[in-house]
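Numbering (full-length UniProt numbering), first residue to last: 1 to 195.
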Amino acid sequence: MNIGYARVSTKSQEKDGNSLEAQEKALHESGCTVIYKDSYTGTKATRPEFDKLLDKLTEGDTLVVTKLDRFARSTIHGATIVQQLIDKGIRVNILNIGILDNTPSSKLMRNIFFAFSEYERDMIVERTQEGRAIAKTKAGYKEGRPKLFTQTQIDMALDLLRKHSYTQVAEMTKISKATLTREMRKRKASLSVAI
């Protein structure tokens, strides 16, 4: 049986041709009847659907993925999984490379591809960190997304909670109930520390 695996690890991948939908389409076109999908896993090793897939595969099955970088996050991890699958009699078909097997040339090729995938990810991380470091040197830089409300607005909204419900204050101020609750907890914690 051909079993497919699709994964996106960032929101930007949804827009650059690596979307789950694009991967699913390619997997269906290659004959996959079952497709497992993971989303936004980043560099974390936790991929629940991939783990389920590995448990489901049996001898004679073919695991199909669209690209090598959808399969594994590091050279060692990818090479280990491919070898374990091949040893169990499971074929691995990377659509943009071909079927991986136990021949010396296939082993060499997959190790080179995994190494380049890992190198590319590492370079992206390095460039992102360099960009962030440069941005930090600029006046007025604040890490993270900008605050939607000033502390004065938050304080005024919290004062309104004396006479109004969280829902009413959220409607009046457009500050979410979650933010109001969090800020109220902070205020109570700071008051208890001050006492």
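C-beta: ideal position from N, C-alpha, C; glycine also.
Complete alpha helix (DSSP H) runs within the segment 24-87 (minimum length 4 residues, chain order): Here the runs fully enclosed are 48-56 and 75-87.
Three-way DSSP call (helix, strand, coil) for Y119 in this model: Note: Y119 maps to helix in three-state DSSP.
CB-CB length for residue 200 against V64, believed under 8 Å: Residue 200 is absent from the structure shown; the chain starts at 1 and stops at 195.
Local Cβ density within 10 Å of L180, reported as buried at 16 or more and exposed below that: Residue environment: L180 is assigned as buried (16 or more neighbouring CB atoms within 10 Å of its CB, all protein chains considered).
Boundaries of the alpha helix (DSSP H) in which Y166 is found, first to last residue: Segment Y166 to T173, the alpha helix (DSSP H) holding Y166.
Y166 versus Q151: straight-line alpha-carbon distance, rounded: Approximately 18 Å, taken between the alpha carbons.
Buried or exposed by the 16-neighbour rule on C-beta atoms within 10 Å, applied to Y119: Around the Cβ of Y119, a 10 Å sphere holds fewer than 16 other Cβ atoms; the residue is exposed.
Distance CB(K66)-CB(Q23) smaller than 7 Å: A small fix is needed here, since residue 66 is Thr in this sequence, not Lys. Against a cut-off of 7 Å, the Cβ pair of Q23 and T66 comes out as a contact.
Cα-Cα separation, A6 to R70: Spanning the alpha carbons of A6 and R70 requires a straight line of approximately 7 Å.
The segment 97-105 in contact with the segment 44-59 per 3-pair CB rule at 8 Å: With a cut-off of 8 Å, the segment 44-59 and the segment 97-105 do not count as touching, because too few Cβ pairs lie within range.
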